[in-house]
Amino acid sequence: NAGVMQNPRHLVRRRGQEARLRCSPMKGHSHVYWYRQLPEEGLKFMVYLQKENIIDESGMPKERFSAEFPKEGPSILRIQQVVRGDSAAYFCASSRTGFNQPQHFGDGTRLSIL
Amino acid sequence: GESVGLHLPTLSVQEGDNSIINCAYSNSASDYFIWYKQESGKGPQFIIDIRSNMDKRQGQRVTVLLNKTVKHLSLQIAATQPGDSAVYFCAELTRGGSEKLVFGKGTKLTVNP
Numbered sequence: 001n002a003g004v005m006q007n008p009r010h011l012v013r014r015r016g017q018e019a020r021l022r023c024s025p026m027k028g029h030s031h032v033y034w035y036r037q038l039p040e041e042g043l044k045f046m047v048y049l050q051k052e053n054i055i056d057e058s059g060m061p062k063e064r065f066s067a068e069f070p071k072e073g074p075s076i077l078r079i080q081q082v083v084r085g086d087s088a089a090y091f092c093a094s095s096r097t098g099f100n101q102p103q104h105f106g107d108g109t110r111l112s113i114l
Numbered sequence: 115g116e117s118v119g120l121h122l123p124t125l126s127v128q129e130g131d132n133s134i135i136n137c138a139y140s141n142s143a144s145d146y147f148i149w150y151k152q153e154s155g156k157g158p159q160f161i162i163d164i165r166s167n168m169d170k171r172q173g174q175r176v177t178v179l180l181n182k183t184v185k186h187l188s189l190q191i192a193a194t195q196p197g198d199s200a201v202y203f204c205a206e207l208t209r210g211g212s213e214k215l216v217f218g219k220g221t222k223l224t225v226n227p
């Protein structure tokens, strides 16, 4: 059973470029969540998606950040015009039903902005 | 601000001892709690969960205790092993809201041989 798969594991971008982070949930899971983690801190919720729908994006910055979970293919977190402050580890999690079920995490994408 | 916090940022124990990691939460509407273990360079790994209608749940070598009166959660690890060294996070899910987990900052557990 493959777990949550994220790629790339490491991503380096220059200021002003775009970053695209991908997440394939566990088999049978249709609920996806994105979290951000700074060093020595806990994870902070960004967005919750089901297939083709954004359920809760209250943790997403209003500008430059967007997320999607299309009918086919992985969920994508996109950051446009990246700035140094976007450097962080971005984790994706998935759950089967989205209701009081454990969320299972991938190993993250470490984004570094030069 | 964060509604989930931890009493101790670091904990050091001897191999074979029992470990207790504590967590305080402030949202009385939270009804589902999860403990995660995070090793360096990896994502959080599910350890054990507990719902608010329970006060204790046991897994393999781990026990979670929930005290809703004082809004306190603890993770007990029996016979701690070097492989248990990691950062441990508690996370809560609030009833009626979106299914987003609120994480504390974590406790770093170091197991000395």
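So the sequences go chain by chain: A and B. So the first sequence is numbered by my numbering: it starts at 1 and just counts up by one. So the second sequence is numbered by my numbering: it starts at 115 and just counts up by one. Ideal Cβ placement from N, Cα and C applies to all residues, glycine included.
Item: Could you tell me if B:Ser142 is buried or exposed, where buried requires 16 or more neighbouring beta carbons within 10 angstroms of its beta carbon?; Value: exposed
Item: Does the beta carbon of A:Asp86 sit closer than 8 angstroms to a beta carbon anywhere in chain B?; Value: no
Item: What are the residues of the region 151–169 of chain B that lie near chain A, defined by any Cβ-Cβ distance shorter than 8 angstroms?; Value: Gly155, Lys156, Gly157, Pro158, Gln159, Phe160, Asp163, Arg165
Item: Is it the case that the region 212–227 of chain B contacts the region 163–178 of chain B, given that we only count it when at least three CB pairs across the two stretches are under 8 angstroms?; Value: no
Item: Near A:Arg13, which residues of its chain fall below 6 angstroms by C-beta distance, leaving aside the five closest residues on each side in sequence?; Value: Ala19, Val82, Ile113
Item: Going by C-alpha to C-alpha distance, which of A:Leu43, A:Met26, A:Ala93, A:Ser24 sits closest to B:Tyr202?; Value: A:Leu43
Item: List the residues that DSSP assigns as beta-bridge partners of A:Leu49.; Value: A:Val32, A:Ile54
Item: Which residues, taken in chain order from the region 39–73 of chain A, show a beta carbon closer than 8 angstroms to some beta carbon of chain B?; Value: Glu40, Glu41, Gly42, Leu43, Lys44, Phe45, Tyr48, Ile55, Asp56, Ser58, Gly59
Item: Taking only beta-carbon atoms, is A:Asn7 less than 8 angstroms away from chain B?; Value: no
Item: On the DSSP letters alone, give me the boundaries of the beta strand (DSSP E) that B:Lys151 sits inside.; Value: 144–152
Item: Let me know if A:Ser58 comes out buried or exposed under the rule of 16 or more other beta-carbons within 10 Å of its beta-carbon.; Value: exposed
Item: Checking the sheet assignment: what are the DSSP bridge partners for A:Phe65?; Value: A:Ile79
Item: Can you tell me whether A:Lys71 is buried or exposed? The criterion is at least 16 other CB atoms within 10 Å of its CB, across all chains shown.; Value: exposed
Item: So for A:Arg84, helix, strand or coil by DSSP?; Value: helix
Item: Drop a sphere of 10 angstroms on the beta-carbon of B:Met168, count the other beta-carbons inside from all chains shown, and report buried for 16 or more, exposed for fewer.; Value: exposed
Item: Count Cβ pairs between the region 97–108 of chain A and the region 158–167 of chain B that sit closer than 8 angstroms; are there 3 or more?; Value: yes
Item: Pull the bridge partners of B:Ser140 from the DSSP assignment, please.; Value: DSSP, once it has assigned bridges, lists no residue as partnering B:Ser140.
Item: Would you mind telling me which residues of chain A sit closer than 7 angstroms to B:Gly220, beta carbon to beta carbon, in chain order?; Value: Gly42
Item: Which one of B:Pro227, B:Asn132, B:Tyr139 has the shortest CA to CA distance from B:Leu187?; Value: B:Tyr139
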